[in-house]
Amino acid sequence: MTPFMEQIAEVVRAGLAPAAPGLRASHPRPVGVGVHEQTELRALAEQLVSEANTVLAEVHREVELVDEPGPGMLAFTLRSGRSWARVSTRFADGRTWGRLVTPGGGPGERELAGPEALPDLVVALVANAER
Numbered sequence: 003m004t005p006f007m008e009q010i011a012e013v014v015r016a017g018l019a020p021a022a023p024g025l026r027a028s029h030p031r032p033v034g035v036g037v038h039e040q041t042e043l044r045a046l047a048e049q050l051v052s053e054a055n056t057v058l059a060e061v062h063r064e065v066e067l068v069d070e071p072g073p074g075m076l077a078f079t080l081r082s083g084r085s086w087a088r089v090s091t092r093f094a095d096g097r098t099w100g101r102l103v104t105p106g107g108g109p110g111e112r113e114l115a116g117p118e119a120l121p122d123l124v125v126a127l128v129a130n131a132e133r
């Protein structure tokens, strides 16, 4: 098992509260940079969902990954039970802005601090799936 899969197994087994994913204030960036970052996050999300679901199958649970393309944006939502998070990048005036939306999310536009924050987000979704 990968270290990430071991984290998922530990959360399921012990019900421990995971670390919160790293966040930062959303800021404008060039379109090429924003598209690259969103694509990188989406590809990593697919890998992490696959790994998490391998572990979660033993307890009849799963993490879902749903793409949400739309005009002027790229987005995907991760869901586990009642817990969800939407990761998006919107485009306007030659710039992009990343955004993370979660139930009860704080004020202001926030985004993941980078791809290194995505595993913590998935673990948090699994941990909070039944809450």
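Counting from 3, one number per residue, gives the positions in the sequence shown under this note's numbering. Virtual Cβ for every residue (Gly too), placed ideally from N, Cα, C. Since this is a predicted model, take the numbers as computed values, not measurements.
Going by DSSP, T41 is part of the alpha helix (DSSP H) stretching over 33 to 58. At a Cβ-Cβ threshold of 8 Å, A129 and V33 do not count as neighbours.
Put simply, the backbone Cα of A19 is about 7 Å away from that of A126.
Classified as exposed, R26 has fewer than 16 neighbouring CB atoms from the shown chains inside 10 Å of its CB. In summary, E118 is exposed, with fewer than 16 beta-carbon neighbours lying within 10 Å of its beta-carbon over all protein chains present. A straight line joining the alpha-carbon of G83 with that of V65 spans about 8 Å. Apart from sequence neighbours up to five positions away, the residues of its chain that approach L46 with a beta-carbon distance below 7 Å are P117, L120, ordered along the chain.
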